[in-house]
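Notes to accompany the following structure.
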Amino acid sequence: MDLSDLTIKQALQGLKEKKFSARELALASLERIERLDQDISAFLTVCKESALKEADEADKLIAQGKTTGSLTGIPYSAKDVFSVKGVKTTASSKILENYIAPYDATSIRKLKEAGAILIGKTNHDPFGFGSSTENSDFKITKNPWNKNKVPGGSSGGSAAAVASGMGIFSLAEDTGGSIRQPACFCGVTGIKVTYGRVSRFGVIAYGSSLDTIGVITKTVEDAAILLKEIGGRDENDATTLNEPVPDYLKTIDQSIKNLRIGIPKEYFIKGINKEVGVSIKEAIKEFEKLGAKIEPVSLPYTKYAIPAYYLSGISEVSANLARYDGIRFGYSQKDAKDLKSLYFESRAKGFGPEVKRRIMLGTYALSAGYYDAFYKKAQQVRSLIKQDFDKVFEKADILIAPVSPFPAFDIGEKAQDPLQMWLADIFTVTINPAGIPGLAIPCGFTSDNLPIGLQLIGPRLSEPILFKTGHAFQKITDWHKNKPNLK
Amino acid sequence: MYVYSIYRYINAKMRNGLTRKQVEHVAELAHIGLTEKEIEKFREQLSAILDFVSKLEEVDTGKTKALSQTTELKNVFRQDIIKPSFTQKQALMNAPDQYKGYFRTKKVF
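Line order of the protein sequences matches chains D and S.
Reading the first sequence from the start, the letters are residues 294 to 780 in our numbering.
Reading the second sequence from the start, the letters are residues -15 to 93 in our numbering.
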């Protein structure tokens, strides 16, 4: 048995039965990083020393039978947008290259309190801006299934880490597909939660009305365990919801008999990769076997989701990234002649091309004379997209769609054309403007052995239904158990 | 109707793309210094993207309300209680430049 391949559930069981120690479990992940990560480049920071220290403390607690948290001894990674006290937190951008977070993000604190052990921070597109992790200012992460391919993005490092057994799960963030798409490309599971379900406090902002905190895991069951831990109201994030966080494990084994699953025709368009289309259709048959009722549905505003999403997102970007001024933290141009030059030069050198593009587009969309035509128009279309979903969920309990129209693409293939890269998010950006949750799970492989993923989409706070449906699928299929050949 | 006419005006302009001057103006508003090369590159790329997002023009949103958030929460208040916050040292720990416990920056004029 290789400890790096365990799920959270298996690892907790093994620790409890003293089959191995928390130190051995952490070492297994750290050994994988040492052996593989020079090549895969999933990590920006590895916290070896603190991880081993925390693992020893966990072992002491376990020996005394005093484990207080439900994740005691579980090693994990976090996307480098999560503030971790005393640890470098870079947002994969040069502007924060040397930034040390002075406090813990709420989700990091909750995982710490539950006993989970942070082994490192993962690479991603800077501030979450991208769909391939190629925009990172520091390194290009490779897909563990094929190192010529991208791992997806923006949370590419997190997905690649989980797929290669470097940490049992990864804490990540999804603004327009940044958890689901890389999970799909790397053959792992990812949950994008209902907006407001998990606190955003301490997470470096992209688009504040769209950002959601979730996890990338090996199984749906693990995602359910984690959401219970990190979800809930937080006084430090006024947009967190008051609704209590249910015990997702209690309902995860429920039958999905008579569950109404809608198939939105706008997600099964021409141009979708043939093998992806076939795999999703095969998966739909599995859900039918489990007793679900399949119904065709329509979301007519889908084709406007990309422009509406990007206009909303970049407008918020231009406001959120105004804080990088070279004065209080971050890159600062030493020889600037006055304050204005300091702003201009620090931001010119600290931000990479995609970050500049988004800030400028957002600034344009919000500027005098253009606000109504761009920002306001996008927010109105956002209303229509949400209404689309509201209507569809009167007929269907959840929806099934592909995560991405194609499997992982070649490194460099879309890097020179920003618009082509944006279009890669066509099936994932739709749900963020509506604030609803989506669960990405593996459902097949292409003939080139690249993972294919489907997503289950539900109304607000439908995570219990998404989890039980995803879990039911993983009980009768083995796609999620496949591992890349990492020798 | 006023909005619509502005919109048509912008689109008419956009089909020809952004001008260098517009790119420089936006960079000025965004406080980002650009090189000559970047101005031209961004002019092309931003024009293409704006052209793409102007697809929204097709949608009739006459009576549609703008949706800026989805939580349905309003006026979230908390008790105004003083709690421990950063020490001066913590607040300054990432400062690129400091002087006697203050952030130090360049002269304004």
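Note that CB positions come from ideal geometry on N, CA and C, so glycine has one too.
Owing to the predicted nature of the structure, the values given are computational and were not obtained by experimental measurement.
1) Pick out whichever of D:S471, D:C736, D:Y617 and D:Y663 has its Cα sitting closest to the Cα of I388 of chain D.
2) When Cβ atoms are compared, which residues of the region 56 to 67 of chain S fall closer than 7 Å to chain D?
3) So C736 of chain D is in the alpha helix (DSSP H); what residue range does that whole segment cover?
4) Provide the residue span of the alpha helix (DSSP H) that contains Q748 of chain D, from first to last.
5) Who are V496 of chain D's beta bridge partners in DSSP?
6) Please find out if some non-hydrogen atom of the ligand ATP comes closer than 7 Å to the beta-carbon of F420 of chain D.
7) So, with DSSP's three-state summary, where would you put L34 of chain S?
8) To the nearest angstrom, report how far apart Q767 of chain D and H773 of chain D are at their CA atoms.
9) Which residues in chain S sit within 7 Å of L534 of chain D, going by Cβ to Cβ distance?
10) For S31 of chain S, would you say it is in contact with chain D, using Cβ-to-Cβ distances shorter than 8 Å as the test?
11) Please look up how many angstroms separate the CB atoms of L632 of chain D and V10 of chain S, rounded, as I've assumed it's under 8 Å.
12) Which chain S residues are close to V674 of chain D, counting only those with a beta carbon under 7 Å from its beta carbon?
13) So with CB distances below 7 Å, who are the chain S contacts of I393 of chain D?
14) By Cβ distance, which residues of its chain are closer than 6 Å to R(-8) of chain S, with the 5 residues on each side in sequence left out?
15) Identify, in the order they occur along the chain, each residue of the same chain with its Cβ nearer than 6 Å to the Cβ of L307 of chain D, setting aside the five sequence neighbours on each side.
16) Is there a Cβ of chain D sitting closer than 8 Å to that of L23 of chain S, yes or no?
17) For K679 of chain D, which residues in chain S fall below 8 Å Cβ to Cβ?
18) Do you know how far the Cα of L542 of chain D is from the Cα of P726 of chain D?
19) Would you mind sorting E581 of chain D into buried or exposed? The rule is 16 or more other CB atoms within 10 Å of its CB.
20) Apart from the five residues just before and just after S334 of chain D, which ones in its own chain have a Cβ nearer than 7 Å to its Cβ?
21) The alpha helix (DSSP H) spanning L692 of chain D covers which residue range?
22) Does the region 668 to 682 of chain D come close enough to the region 40 to 52 of chain S that 3 or more CB-CB pairs lie under 8 Å?
23) Straight-line CA distance for F478 of chain D to Y499 of chain D?
24) Here's the rule: buried if 16 or more other CB atoms are within 10 angstroms of the residue's CB, otherwise exposed. What is P368 of chain D?
25) Does the beta-carbon distance from G606 of chain D to L677 of chain D come in below 8 Å?
26) Taking only three categories from DSSP, how would you classify R4 of chain S?
27) Cutting at 7 Å between CB atoms, please list the residues of its own chain near A601 of chain D, excluding the five before and the five after it.
28) So which residues of chain S does E528 of chain D contact, with C-beta pairs closer than 8 Å?
29) Is it right to say Y86 of chain S is buried, meaning 16 or more other beta carbons lie within 10 angstroms of its own, or is it exposed?
30) For K309 of chain D and E514 of chain D, which I take to be in contact (beta-carbon distance under 8 Å), what is that distance rounded to the nearest angstrom?
31) Please classify D718 of chain D: does DSSP put it in a helix, a strand, or coil?
32) Whether or not the region 695 to 702 of chain D and the region 559 to 578 of chain D are in contact is what I'm after, with contact meaning three or more pairs of Cβ atoms, one per stretch, closer than 8 Å; do they touch?
33) Can you give me, in chain order, the residues of the region 3 to 20 of chain S that have a beta carbon less than 9 Å from any beta carbon in chain D?
34) Does any residue of chain S bring its CB to less than 8 Å from the CB of A629 of chain D?
35) Is K91 of chain S close to chain B, meaning its C-beta is less than 8 Å from at least one C-beta of that chain?
36) Please classify V377 of chain D as buried or exposed, where buried requires at least 16 other C-beta atoms within 10 Å of its C-beta.
Once the coordinates are examined:
1) D:Y617
2) L57, V60 and R62
3) Segment G731 to F738 is the beta strand (DSSP E) holding C736 of chain D; no alpha helix (DSSP H) there.
4) Not the alpha helix (DSSP H): Q748 of chain D falls in the beta strand (DSSP E), residues P744 to I750.
5) D:F375
6) The ligand ATP is absent from the structure shown, which contains no ligand whatsoever.
7) helix
8) 7 Å
9) T55
10) no
11) Incorrect: roughly 20 Å between the Cβ atoms, too far for contact.
12) L40, V43 and T45
13) M77 and N78
14) Annotation note: pLDDT 47 at R(-8) of chain S (below 50); position unreliable, coordinate value reported separately. Within the same chain, R(-8) of chain S has no close Cβ partners at all.
15) Note that residue 307 of chain D is Gly in the sequence shown, not Leu. Here the set comprises F313.
16) The question names Leu, but residue 23 of chain S is Ile in the sequence shown. It does not: the Cβ of I23 of chain S has no partner Cβ on chain D nearer than 8 Å.
17) L51 and T54
18) 28 Å
19) exposed
20) N416, K432, I433, T434 and K435
21) Unbroken run through L692 of chain D is the beta strand (DSSP E), I691 to P695; no alpha helix (DSSP H).
22) yes
23) 22 Å
24) buried
25) no
26) helix
27) A671, V674, R675, I678 and P726
28) R62
29) exposed
30) That belief does not hold up - the Cβ atoms of K309 of chain D and E514 of chain D are roughly 16 Å apart, past 8 Å.
31) coil
32) yes
33) Q6, V7, H9, V10, A11, E12, L13, A14, H15, I16, G17, L18 and T19
34) yes
35) In the displayed structure, chain B is absent; the protein chains listed are D and S.
36) buried
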